Amino acid sequence: MRKTIIGIIGPGDSATSKDLENAYQLGQLIAEAGWILLTGGRNVGVMDAANKGAKSANGLTIGILPGNDTRGISEAVDIAIVTDMGNARNNINILSSDVIIACGMGTGTASEIALALKAHKQVILLNDSAESQVFFKSLGNFNIFVVNNAVEAMNQAREILANPR
Numbered sequence: 011m012r013k014t015i016i017g018i019i020g021p022g023d024s025a026t027s028k029d030l031e032n033a034y035q036l037g038q039l040i041a042e043a044g045w046i047l048l049t050g051g052r053n054v055g056v057m058d059a060a061n062k063g064a065k066s067a068n069g070l071t072i073g074i075l076p077g078n079d080t081r082g083i084s085e086a087v088d089i090a091i092v093t094d095m096g097n098a099r100n101n102i103n104i105l106s107s108d109v110i111i112a113c114g115m116g117t118g119t120a121s122e123i124a125l126a127l128k129a130h131k132q133v134i135l136l137n138d139s140a141e142s143q144v145f146f147k148s149l150g151n152f153n154i155f156v157v158n159n160a161v162e163a164m165n166q167a168r169e170i171l172a173n174p175r
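Per my numbering, the very first residue in the sequence shown carries number 11; after that it's consecutive.
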């Protein structure tokens, strides 16, 4: 049976301390659930924090890298997928994940959420502004779930996995 892959997306350099805290905790919880963590793989922001959280719980991490080498990779990535695709790698991030959890918001994150909605994927929003919640719900109301913390995000992920659409 194929292992569950959870994609964590969120800002890099502009991530807030709350985004980083949530991402780290999500990484831990994903690993503890026996799931695989997939991120953009870089050593900044939500990507790095989630990978480090997963590694702290002996989880398996996959990083989908934008460049043609592994420069700038998070030290907590186990499997590096080098794409040389820049932001186009976001398609791989989204389509390879069983559940997407957006931890904070930035332009790259917004583009990934839009790709997920276009692909009829369900997305969990954690620590997003009221404006972004309204915007994304207007695009894909039945595929957007808003949560307040990492534990709620994991519970919602379990619900999504148990009841696929």
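A virtual CB, placed ideally from N, CA and C, is assigned to each residue, including glycine. The structure displayed is predicted, hence computed values, not measured ones.
To which residues of the same chain is LYS13 closer than 6 Å at the C-beta, ignoring the five residues directly before and after it? ILE46
DSSP three-state call for ALA120: helix, strand or coil? helix
At which residues does the beta strand (DSSP E) containing PHE155 begin and terminate? 154–157
Per DSSP, what kind of secondary structure is VAL56 in: helix, strand or coil? helix
Using 8 Å for Cβ pairs, my map puts ALA163 next to ILE134. What's the rounded Cβ distance? 5 Å
Can you tell which of VAL157, ALA120, GLN143, ARG168 has the C-alpha that lies nearest to the C-alpha of ASN97? ALA120
Please name the residue, chosen from ILE91, GLU141, LEU136, that lies closest to ASP29 on a Cα-to-Cα basis. LEU136
ILE102 - containing alpha helix (DSSP H), residue span: 100–105
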